[in-house]
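See structure below.
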Amino acid sequence: MTEQRQFLQVADPEVAVARWWTAARPVPLASEDVPLAALRGRVLAEAVASPRDVPGFDRSNVDGYAVRAGDTYGASERAPARLRLRPEVVVPGVPPDMTLGPGEAVAIATGGALVRGADAVVMVEDTDEARGELLVRRPVVPGAMIAVVGGDITRGEVVLRPGARLGPRETAVLAAVGRAAARVVCRPRVAILSTGDELVVPGAPLLPGQIHDCNQTFLADSCRELGAEPLALGIVGDDAAGLDLALRTALHAHHCDLVLLSGGTSKGAGDLSAAAVARLPGPEPGVPAVCVHGVALKPGKPLCLAVTAVGERRVPLAVLPGFPTSALFTFHEFVAPLLRALAGLRAAAAPALAASLPHDLASERGRREYALVQLLAGPEGHAPEDMPSATGPSEHAPGASRLLALPIGKGSGSVTAFCRADGFIAVPRQTERLLAGARVEVHPIDRDAAAPDLVIVGSHCTGLERLVDRLHARGLAVRLLAQGSQGGLAAAARGLCDVAPIHLLDPDTDAYNRAFVPDDCDLVPGYGRMQGLVSRPDDPRFAACPEPFALPTCVRDPAVFLVNRNRGSGTRILLDALLGPGPRPSGYSHEARSHSGVAACVASGRADWGVAISTVARDAGLRFCPIRLEHYDFVIPAPAAPAPPSSSFKSSRRSGGPGRAARGRLRRLTFQHVLMNMSLENFHLQHLRDLELSAASGLVRRGGWSFVVADDELELHAYPEVGPRAAGRCGPGSCRASRPRASGPSPTSRRCARGTAAPCSRSARARGRTVRPA
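Written out as structure tokens, the structure reads:
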């Protein structure tokens, strides 16, 4: 009679996973450079920052005529605006060498660079030509039908981060920023063996008692879907010596990173796979290879998990049940997460199905409209109570509560819109507007789409990108939306973000940010950036740099063009304060989305001057005249009120962890911890410069200290809002408690007794709380 071997111990699924992962210690494999044409399906191993603005110049989105928007105001079908039509035609690929004067228009093709002096494009459908004149029958506003420089991607913006699975959308982004190759995680090599005398390859004739092997095909395609390189080693019969040889070949000859076997793991004496794995050496001397043989689940109880040492490598092995349904279930529950870790992929998450809109969404009646959306975790009570949850429990996902579907409105020409979208919604053809709070069905583009752990909305900065990199390295999924300082404040006030970076100057108190903090929000000190007037080095009109700073008189010259910043940005508010009341300079309606966009317009001659930060000016080779040091701080909404104990208990049970409010507090504390620990002990002087600080001047605050960079030395003094602390050495430079030397003209700054550029006392208008580091 054949002996039946019983399982010695059946483990719970959680225990089985813990044992296997502890022995295997799975981490992403080494990386390699791969050309762009071969990147589809690979996993990114590095953060990719754009080396240039996309688009790199202001361009027309339509065929039409470049005009000054003010010349079209009041135009109608009955009383069209009449403009003198210039004979030139602006075509793509040929930079225009002309300046458009008042009352003039010039023909421009789609993709053509906007001419100097123009601030809008009117579509050809809304015009007529008559005897050298252009008749404009519909008025346009500044910026109409124009893709501004950097409007899609800003120079220095991180467009893709490590762990991103590269599909057609992501490779298009890489191509758009000029990358011919990228560094990706090496594909895990997975050996796949099927065992059993009853198995034959698909297509071969079957004898009585035989079946076609489908597990090898399923496992190979499943591994390939996860970014691995499957190596199908065929079928091994019920022969112990043949099975031992097949395992040695997979481990030593093919250098596989994971070995999968199906069949031969149950308690019958004729099944040999589990016994063959048990004969392998363990991950350490004296430790058996088998971690678990038998798991308390149905189907899949005979699962065997093991780890063996091959030189310095630890190679996990899994012997899956032979029944296809059991093999499928155990692969996705046990093998797939470990394989994702080897491939550098994030843990899988359930796709969203239902969400609500955070704001109104307009549509065009008469046709169905599709809108790309990003998924955000909304505040409790934002959506109707009966709206079903759109996500399942996840280790990092924010609560099984309300999902918001935030429409992405960058336009059809945007490369990043479809790359960053989690899904899309369909607006019915007879609907003109979906109201805020409306329930919508989100169709996921990526089946792994889920709400991020941390949402940052507000002003963009490359220093912020470095903070996000650190959070990303800690396992947090961060979504960064550059909406300007005022956009960030609006999101924080409504509870639609976790962090809102701002840099807004209060003209009444000459202090940054504190007076603008909404109720129930905290203000976390950030760092300093030097703002200044940028111009071309060969332009003599801006050669003088007065102290204290004052705008040169040439900016009022109609022939001198400004490139402004977008409405809602702190830089625009600063510029408006400098301009004061009165007529606006030429080009005031020409808006750039970022500091890099300002620099690109000035460097190309599209504009003559603008306001940007010192690092951008230096990188673009522009003249820089300092205006003042600004504070780049972070507004953090206070966590929601704790839920009743019963609700917290139910939420904890559903999510397998702390409730939503507790997780929200943990995510915010993680952000604050990362921010306040970016001290000089971890950053050299060059890294401080990377945080948009110049070698000549700048300030960065960490913890209880403000670090001022002056003449390649470091000075340390107490930031007034967090109180003084004892001075000490903090890194590679000389750190000493003292007054910071004046690093640039700042006419509106007031020095307090401690020598800082900010007032000692808080403004009476400040309603928010300043977070004081422990």
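Each residue of the sequence shown is one higher than the one before, counting from 5 in this note's numbering. We put the beta carbon where it would ideally sit given N, CA and C, even for glycine.
Residue of the options minimising C-alpha distance to residue i
| i | options | result |
| --- | --- | --- |
| G74 | G107, R46 and E81 | G107 |
| C525 | G532, G304 and N517 | N517 |
| L582 | P630, T435 and L301 | P630 |
| I640 | G601, G530 and L578 | G530 |
| R299 | W613, T199 and D16 | The question names Arg, but residue 299 in the sequence shown is Val. If we check each option's Cα against that of V299, D16 comes out closest. |
| A112 | Y69, R88, E133 and L89 | Residue 112 is actually Ile in this sequence, not Ala. Closest option to I112, Cα to Cα, is Y69. |
| E288 | K302, N570, G614 and R29 | R29 |
| T103 | G116, R88 and A122 | A122 |
| P39 | E92, A124 and R183 | R183 |
| A20 | H594, A310 and S489 | A310 |
| V615 | S608, H599, K302 and A624 | H599 |
| L626 | L349, V66, D612 and G532 | D612 |
| G326 | F222, P505 and A504 | F222 |
| E368 | P206, Q434, E174 and S35 | Q434 |
| A624 | S608, D261, Y636 and F638 | S608 |
| F638 | F333, R437 and V459 | V459 |
| V145 | L170, G427 and Y592 | Y592 |
Collapsed DSSP secondary structure at residue i in the structure displayed
| i | result |
| --- | --- |
| R776 | Confidence in R776 is poor, its pLDDT being 35 and thus under 50, which makes the residue's placement unreliable; the coordinate value appears in the next sentence. Correct three-state label for R776: coil. |
| Y723 | With a pLDDT of only 35 at Y723, under the threshold of 50, the placement of this residue in the model should not be trusted; the figure read from the coordinates follows. In this structure, Y723 counts as coil in the three-state DSSP scheme. |
| I215 | strand |
| I196 | strand |
| P529 | strand |
| F628 | strand |
| F61 | coil |
| V296 | strand |
| V311 | strand |
| A504 | strand |
| A22 | helix |
| A254 | helix |
| P91 | strand |
| L324 | strand |
| H635 | strand |
| R173 | helix |
| A666 | A caution first: A666 carries a pLDDT of 41, below 50, which makes its placement in the model unreliable, though a value can still be read off. Note: A666 maps to helix in three-state DSSP. |
| V606 | helix |
Residues bridged to residue i [DSSP beta-bridge criterion]
| i | result |
| --- | --- |
| M127 | G68 |
| G462 | A486 |
| N568 | E595 |
| W613 | S539 and L566 |
| G427 | V377 and P448 |
| A151 | R63 |
| L48 | V188 |
| D243 | The partner list for D243 (beta bridge, DSSP) is empty, contrary to what the question assumes. |
| S367 | Answer by DSSP bridge pairing: none, since S367 is not bridged. |
| A27 | Note: A27 sits in no beta bridge, so no partner. |
Spatial distance of residue i from residue j (CA atoms)
| i | j | result |
| --- | --- | --- |
| A359 | S266 | 41 Å |
| C549 | G536 | 10 Å |
| V189 | A53 | 18 Å |
| E389 | G155 | Confidence is the limiting factor: at E389 the pLDDT is only 39, short of 50, which leaves the residue's position unreliable and the question unanswerable from this model. |
| G136 | A85 | 13 Å |
| R23 | V294 | 10 Å |
| L210 | D217 | 11 Å |
| D510 | V521 | 11 Å |
| P541 | P100 | 22 Å |
| D349 | D132 | A quick correction: the sequence has Leu, not Asp, at residue 349. For L349 and D132, the distance between alpha carbons rounds to 56 Å. |
| D62 | V153 | 5 Å |
| L33 | L346 | 6 Å |
| A27 | L321 | 11 Å |
| M127 | E92 | 17 Å |
| R632 | T466 | 19 Å |
| T334 | G160 | 43 Å |
| K654 | D364 | With a pLDDT of 26 at K654, under the threshold of 50, the modelled position of this residue cannot be trusted, and the question is left open. |
| E18 | R474 | 29 Å |
Rounded Cβ spacing between residue i and residue j (contact assumed at less than 8 Å)
| i | j | result |
| --- | --- | --- |
| F565 | S590 | 5 Å |
| G572 | E634 | That pair is no contact at about 16 Å. |
| V323 | V281 | 6 Å |
| I429 | G462 | I429 to G462, Cβ: 25 Å. No contact. |
| A79 | R141 | 6 Å |
| L276 | L237 | With a Cβ gap of about 16 Å, L276 and L237 do not count as contacting. |
beta-carbon residue i near the ligand MN non-hydrogen atom, thresh 7 Å
| i | result |
| --- | --- |
| R369 | Ligands displayed in this structure: none; no statement on the ligand MN is therefore possible. |
C-beta neighbour in chain D for residue i, strict 8 Å
| i | result |
| --- | --- |
| G78 | The structure shown contains no chain D; it holds only a single protein chain. |
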